[in-house]
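All remarks here apply to the structure that follows.
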Amino acid sequence: MQAEAAFTVGEIAVRLAVVVLLVLANGFFVAAEFALVGARRTRIDALARAGQRRAKLAREAIRRLDHYLSGTQLGITLASLGLGWVGESTLSAVLRQTFSGLPGPWDWFATHGVAATIAFASITFLHIVLGELAPKSLALLFPEGTSLWTAGPLIVFSRILQPFIAFLNGAANLILRALGLRPATELERVHRPEEIELLVTQSYEHGLLRREPVE
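Under my numbering, the sequence shown has 14 at position 14, and the numbering climbs by one with no breaks.
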């Protein structure tokens with residue numbers, strides 16, 4: 001049986017820092033995903049026309065939504081896999097050192113069963129709360145502002161991993177076509193006339209628009 005990995009204090013500190021960075025990276029991609037979907041295009045377009053550079057980047061990301069959503073999914077997957085790989089083994093090592101020295105069979109039980117369980121639960125908690133729920137809530141509350149801050153780094157990340165994203169998108173489209181489905185185009189996401197009419201009507205009802213008298 002292979003011996004359990006033992007880390008020095010310096011190695012544990014570095015690995016814990018990596019865990020924090022991976023949680024933040026996961027949260028970034030989750031926030032970017034929900035912000036791009038929830039941001040109002042009209043608001044982003046207005047800011048871009050006013051010359052705001054971050055708004056221009058957000059507009060580019062929204063116009064190529066499929067591509068950059070694939071980028072967020074790739075980022076989330078890589079961060080999650082890295083977190084599971086580095087995080088659990090690091091926390092297990094810390095807890096094994098903490099529990100070592102207990103009498104009799106309690107030593108083995110604590111350093112293996114209990115340590116592994118606590119490590120798994122801790123990483124899962126960090127991943128769900130800080131890496132998923134909190135950034136998602138932030139993006140839903142402030143979609144335009146979040147998209148302005150996340151679009152630039154997301155575009156850089158997606159350009160670096162462009163071949164992988166293109167491959168994943170192509171594979172997904174092939175699966176859809178094999179099932180007799182056709183991938184949606186960007187033009188098909190534009191509001192239809194009846195949807196625009198409904199949006200205008202709801203805006204009047206909620207006082208967001210005023211009826212101007214016709215001369």
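For each residue, glycine too, the CB sits at the ideal point set by N, CA and C.
As a quick exercise: from the options, pick the residue whose alpha carbon is nearest that of residue i.
i: G84; options: Q73, I62, A116 and L133; result: A116
i: P153; options: L16, Y68, K136 and F167; result: Y68
i: F167; options: S70, V20 and T124; result: S70
Taking C-beta to C-beta, are residue i and residue j nearer than 7 Å?
i: A32; j: T72; result: yes
i: V18; j: L130; result: no
i: E132; j: V30; result: yes
i: F7; j: A93; result: yes
i: I36; j: I76; result: The amino acid at residue 36 is misidentified as Ile; the sequence shows Leu. No, Cβ-Cβ distance for L36 and I76 is not below 7 Å.
i: I155; j: L74; result: no
Excluding the five sequence neighbours on either side, which residues of its own chain have a C-beta within less than 7 Å of the C-beta of residue i, listed in chain order?
i: A55; result: I44, L47, A48 and L148
i: L95; result: A115, I118 and A119
i: L140; result: F34 and G38
Which value, in whole angstroms, describes the spacing of the CA atoms of residue i and residue j?
i: E284; j: A119; result: Within the shown structure, residues of the chain are numbered from 1 to 215, placing residue 284 beyond reach of any answer.
i: R41; j: G145; result: 12 Å
i: L161; j: G170; result: 14 Å
i: L138; j: H127; result: 16 Å
i: E188; j: F28; result: Confidence in E188 is poor, its pLDDT being 49 and thus under 50, which makes the residue's placement too unreliable to answer from.
i: Q38; j: F142; result: Contrary to the premise, residue 38 reads as Gly rather than Gln in this sequence. G38 and F142: Cα-Cα distance of roughly 9 Å.
i: I12; j: F157; result: 28 Å
i: R64; j: A79; result: 23 Å
i: R59; j: D66; result: 13 Å
i: V190; j: L181; result: Summary for V190: the model assigns pLDDT 49, below 50, so the residue's position carries little reliability; its value from the coordinates is reported in the next sentence. Rounded to the nearest angstrom, the two C-alpha atoms are 20 Å apart.
Looking only at its chain, what residues have a beta carbon closer than 6 Å to the beta carbon of residue i, apart from the 5 residues adjacent to it on each side?
i: S122; result: L91
i: R159; result: none
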